[in-house]
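Undergrad:
2 protein chains.
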Amino acid sequence: MNKLIECVPNISEGRRPEVVAECVSAVASVEGVKVLHFTSDYDHNRTVITFVGEPEKVIESAVRLCKKASELIDLRIHSGEHPRMGAVDVCPFIPVKNVSQEEIVEYAKLAGKRIWEEAGVPVYLYEKAASAPHRVNLADVRKGQFEGLGEKTSLPEWQPDFGTSFHPSAGITIVGAREFLIAFNIELDTDDVEIAKKIAKTIRFSSGGYPCVKALGLMLHKTNTAQVSINFTDYKVTSLHTVVDKVREEAKKYGTTVKCTELIGLSPMKALIQSAAHYLEIKYFDYEKQVFENHLI
Amino acid sequence: MNKLIECVPNISEGRRPEVVAECVSAVASVEGVKVLHFTSDYDHNRTVITFVGEPEKVIESAVRLCKKASELIDLRIHSGEHPRMGAVDVCPFIPVKNVSQEEIVEYAKLAGKRIWEEAGVPVYLYEKAASAPHRVNLADVRKGQFEGLGEKTSLPEWQPDFGTSFHPSAGITIVGAREFLIAFNIELDTDDVEIAKKIAKTIRFSSGGYPCVKALGLMLHKTNTAQVSINFTDYKVTSLHTVVDKVREEAKKYGTTVKCTELIGLSPMKALIQSAAHYLEIKYFDYEKQVFENHLI
Numbered sequence: 009m010n011k012l013i014e015c016v017p018n019i020s021e022g023r024r025p026e027v028v029a030e031c032v033s034a035v036a037s038v039e040g041v042k043v044l045h046f047t048s049d050y051d052h053n054r055t056v057i058t059f060v061g062e063p064e065k066v067i068e069s070a071v072r073l074c075k076k077a078s079e080l081i082d083l084r085i086h087s088g089e090h091p092r093m094g095a096v097d098v099c100p101f102i103p104v105k106n107v108s109q110e111e112i113v114e115y116a117k118l119a120g121k122r123i124w125e126e127a128g129v130p131v132y133l134y135e136k137a138a139s140a141p142h143r144v145n146l147a148d149v150r151k152g153q154f155e156g157l158g159e160k161t162s163l164p165e166w167q168p169d170f171g172t173s174f175h176p177s178a179g180i181t182i183v184g185a186r187e188f189l190i191a192f193n194i195e196l197d198t199d200d201v202e203i204a205k206k207i208a209k210t211i212r213f214s215s216g217g218y219p220c221v222k223a224l225g226l227m228l229h230k231t232n233t234a235q236v237s238i239n240f241t242d243y244k245v246t247s248l249h250t251v252v253d254k255v256r257e258e259a260k261k262y263g264t265t266v267k268c269t270e271l272i273g274l275s276p277m278k279a280l281i282q283s284a285a286h287y288l289e290i291k292y293f294d295y296e297k298q299v300f301e302n303h304l305i
Numbered sequence: 009m010n011k012l013i014e015c016v017p018n019i020s021e022g023r024r025p026e027v028v029a030e031c032v033s034a035v036a037s038v039e040g041v042k043v044l045h046f047t048s049d050y051d052h053n054r055t056v057i058t059f060v061g062e063p064e065k066v067i068e069s070a071v072r073l074c075k076k077a078s079e080l081i082d083l084r085i086h087s088g089e090h091p092r093m094g095a096v097d098v099c100p101f102i103p104v105k106n107v108s109q110e111e112i113v114e115y116a117k118l119a120g121k122r123i124w125e126e127a128g129v130p131v132y133l134y135e136k137a138a139s140a141p142h143r144v145n146l147a148d149v150r151k152g153q154f155e156g157l158g159e160k161t162s163l164p165e166w167q168p169d170f171g172t173s174f175h176p177s178a179g180i181t182i183v184g185a186r187e188f189l190i191a192f193n194i195e196l197d198t199d200d201v202e203i204a205k206k207i208a209k210t211i212r213f214s215s216g217g218y219p220c221v222k223a224l225g226l227m228l229h230k231t232n233t234a235q236v237s238i239n240f241t242d243y244k245v246t247s248l249h250t251v252v253d254k255v256r257e258e259a260k261k262y263g264t265t266v267k268c269t270e271l272i273g274l275s276p277m278k279a280l281i282q283s284a285a286h287y288l289e290i291k292y293f294d295y296e297k298q299v300f301e302n303h304l305i
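This is the structure we're talking about:
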């Protein structure tokens, strides 16, 4: 069975298209790796590249990207609104097909080791690949940014996982393993943002709700609609329908209803199909075997 | 955008594994064509082969299969429980990706023409590719079977669409275009089969229900449960959730409920995802762009 993974590196360049093009070309130079998407932001001075392929090939692409980015991007003269620590700032690996949690962590570590050995850029591991609890959260790892690396890497608890100190111009690359992130909004049939905030608090993990769910209540001023804005960080742990049904139930308590929902960007088919199987009440459903497209990918 | 189609020929051989192997090899001999599955039935003396690929390649595989089958299978000495008319008996083409209804019909016709010209086997076109209303239904086209071909092809209304008369040992191949067929059962929380029969009558097209829906009410004696057994012949016309919701509503009228449902065999992901989008109330959902796997196939 062929294994597939995705890699979504963020590089610290969003203003010089020729540099972005060279970086994307470095990724695409590995045969069998497919660049699905890349998007640059001028204000952030940052580009996100999305690519997929077999694990070994995707790792090779990530290493080539780090080499190229460390040649072309100099963080000593970089500015942008988004916090950053490396020329390739973060480099998460995500399982797509026939890859377990343990395997994706191993791939992230292998990539990290090679980025240090072959591109000469030290590496912190984060999220599922983190080597210690204080390194799980990306914001904690990136705290102090590029400019603070001298001080940070002098602390015993912040030694890189691969390499020592930091690259003088390319900083440190933060490599990790995570699940596919699904951004999903639920609009309520009310203009009372307090209801959206209360519902968000009920469902999000940080205030006692569902694991792998982040949520905020906010106001859509254009349409005067209260919205619960949600991130599913692991749809295999908490599914879309679990949260949608809970929001419907909570909305009813506050005398309102769910008006509609919105999927932002991409979702893996499995996240949607598990909801279909739930609502259609399909028993003994074998996702891998019974979904036709699983035989094509 | 790459186009993908599926082909599901049924060949009149299910007892000689070496013949089946040669036929499957003929299909697989075209580079880029992927044989997903094949299954032989001894009693039927018949094998179903499922393969996918780009249209031109799939057509080439179908032609090679017809050549090989007409060399190895002699219907004059063939017997089996399943009705049959040709060495390759039926050969339907099904759109998978980026292929319209009009295109799949054209591919079926092109395949039919080539099967006559290159394998020397005359062809009837059926279903969406049929050249006349009386040729749409497979059972009508196959009526009289191989043994009746002399008489059938002497009638003006049953001249083959490609070729004349019939191949002495390989008969006629029935080539067509259709949608993916989804077999889906709904179990009711009752042992009264009459309720299942009444609901089946309400939903099936032939008695005034939904287009592209066939349904029967029957009894599962093992569990003493009444079941509505459904075929969706085009889920793009009538979707799973439309019928499931209607059956729930009807069941309630008869004082019962839907206990569970069952998907038999395969479903295209789109059929399930359109139900997920319905139940999750996702607005502005762009299936092609927003489902991650659509970028991989």
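These protein sequence lines are chains A and B, in that order. Each number in the numbering used here corresponds to the 1-based position in the first sequence with 8 added. Each number in the numbering used here corresponds to the 1-based position in the second sequence with 8 added. All C-beta atoms, glycine included, are put in the ideal place defined by N, C-alpha and C.
Along the alpha helix (DSSP H) that carries D253(A), what are the first and last residues, could you check?
TA: Unbroken alpha helix (DSSP H) run through D253(A): L248 to K261.
Undergrad: In the structure shown, what three-state DSSP assignment does N302(B) receive?
TA: DSSP places N302(B) in helix when its eight states are reduced to three.
Undergrad: Distance, Cα to Cα, F59(A) vs F154(A)?
TA: Answer to the nearest angstrom: the Cα atoms are 26 angstroms apart.
Undergrad: Have a look at H286(B), F101(B) and E202(B) and flag the residue whose alpha-carbon is nearest the alpha-carbon of F188(B).
TA: Selected option, being the one with the closest Cα: F101(B).
Undergrad: Could you check where the beta strand (DSSP E) with R54(A) kicks off and where it finishes?
TA: Residues R54 to G61.
Undergrad: With the cut-off set at 8 angstroms, would you say K267(A) and E195(A) are in Cβ contact?
TA: In contact: K267(A) and E195(A) (Cβ atoms closer than 8 angstroms).
Undergrad: Going along chain B, which residues have a C-beta under 8 angstroms from K268(A)?
TA: A small correction: the amino acid at residue 268(A) is Cys; Lys does not occupy that position in the sequence shown. What C268(A) touches in chain B: E289, I290 and K291.
Undergrad: Quick check: what's the CA-CA separation for E30(B) versus L274(B)?
TA: Approximately 26 angstroms, taken between the alpha carbons.
Undergrad: Please tell me whether P63(B) has its Cβ less than 8 angstroms away from any Cβ of chain A.
TA: Not an interface residue.
Undergrad: What is the DSSP secondary structure of T269(B), counted as helix, strand or coil?
TA: T269(B) falls in the strand class under three-state DSSP.
Undergrad: What does a CB cutoff of less than 8 angstroms around G61(B) pick up in its chain, not counting 5 residues either side in sequence?
TA: The answer, listed in chain order, is L12, I13, V38, G40, V41, K42 and S69.
Undergrad: Which residues in the same chain have their Cβ closer than 7 angstroms to the Cβ of T172(A), if we skip the five residues on either side of it in sequence?
TA: The answer, listed in chain order, is P130.
Undergrad: So, are the CB atoms of R143(B) and L157(B) less than 8 angstroms apart?
TA: Going by C-beta atoms, R143(B) is not nearer than 8 angstroms to L157(B).
Undergrad: Under 9 angstroms between beta-carbons, which chain A residues line up against V252(B)? List them in chain order, please.
TA: Here the neighbours are Y287, L288 and E289.
Undergrad: Which residues in the same chain as A36(B) place their Cβ atom closer than 7 angstroms to its Cβ, once the five residues preceding and following it in sequence are excluded?
TA: Result list for A36(B): V43, in chain order.
Undergrad: Take the Cβ of I312(A) as the centre, count every other Cβ of all protein chains shown within 10 Å, and call the residue buried at 16 or more, exposed below.
TA: A question about residue 312(A) goes unanswered here, because the residues of chain A that appear run from 9 up to 305.
Undergrad: Which residues in the same chain as V107(A) place their Cβ atom closer than 6 angstroms to its Cβ, once the five residues preceding and following it in sequence are excluded?
TA: Cβ within range, chain order: K11 and I13.
Undergrad: Does the pairing of the region 46 to 55 of chain A with the region 19 to 27 of chain A give three or more beta-carbon distances under 8 angstroms?
TA: Touching, yes, given that three or more Cβ pairs across the two stretches are closer than 8 angstroms.
Undergrad: Count the CB pairs spanning the region 226 to 233 of chain B and the region 247 to 258 of chain B that are closer than 8 angstroms, and state whether there are at least three.
TA: No: fewer than three Cβ pairs fall under 8 angstroms.
Undergrad: Between the alpha carbons of Y292(A) and V245(A), how many angstroms are there, rounded?
TA: About 19 angstroms.
Undergrad: Taking A178(A) as the reference, give the member of P141(A), L271(A), D97(A) and S215(A) with the closest Cα.
TA: Ranking the options by Cα distance to A178(A), first place goes to D97(A).
Undergrad: Measuring alpha carbon to alpha carbon, tell me which of T269(A), K206(A) and G120(A) ends up nearest L224(A).
TA: Considering only alpha carbons, the answer is K206(A).
Undergrad: Rounded to whole angstroms, what is the Cα-Cα separation between I290(B) and K222(A)?
TA: In a straight line, the C-alpha of I290(B) is about 19 angstroms away from that of K222(A).
Undergrad: Could you tell me which of W166(B), E126(B) and K160(B) sits nearest to A138(B), measuring between CA atoms?
TA: The option with the nearest alpha carbon to A138(B) is W166(B).
Undergrad: Would you call the CB atoms of E301(A) and I305(B) closer than 8 angstroms?
TA: Yes, Cβ-Cβ distance for E301(A) and I305(B) is below 8 angstroms.
Undergrad: Within 8 angstroms (strictly less), CB to CB, does E301(B) reach chain A?
TA: Yes, E301(B) lies at the interface with chain A (some Cβ there is under 8 angstroms from its Cβ).
Undergrad: What residues in the region 221 to 248 of chain A have a beta carbon less than 7 angstroms from any beta carbon of chain B?
TA: From the region 221 to 248 of chain A, only L248 have a Cβ closer than 7 angstroms to chain B.
Undergrad: Using alpha carbons as the reference points, say which of H229(A), I272(A), Q282(A) and D294(A) lies closest to I190(A).
TA: The shortest Cα separation from I190(A) among H229(A), I272(A), Q282(A) and D294(A) belongs to I272(A).
Undergrad: Along the beta strand (DSSP E) that carries E89(B), what are the first and last residues, could you check?
TA: Per DSSP, E89(B) belongs to no beta strand (DSSP E) and is neither H nor E.
Undergrad: Look up T47(B) in the DSSP assignment and give the residues it is bridged to.
TA: DSSP, once it has assigned bridges, lists V56(B) as partnering T47(B).
Undergrad: Quick one: which chain A residues come within Cβ less than 8 angstroms of A208(B)?
TA: Within 8 angstroms Cβ-Cβ: nothing; A208(B) doesn't reach chain A, min ~18 angstroms.
Undergrad: Which class does C220(B) belong to by DSSP, given the choice of helix, strand or coil?
TA: DSSP places C220(B) in coil when its eight states are reduced to three.
Undergrad: At a Cβ threshold of 8 angstroms, is A284(B) touching chain A?
TA: It does: the Cβ of A284(B) has a partner Cβ on chain A nearer than 8 angstroms.
Undergrad: Measuring CA to CA, which of A77(B), D51(B) and Y50(B) is closest to S33(B)?
TA: Nearest of A77(B), D51(B) and Y50(B) to S33(B), Cα basis: A77(B).
Undergrad: Pull up the distance between the alpha-carbon of Y50(A) and that of A147(A), whole angstroms please.
TA: Looking at the two C-alpha atoms, the distance is approximately 21 angstroms.
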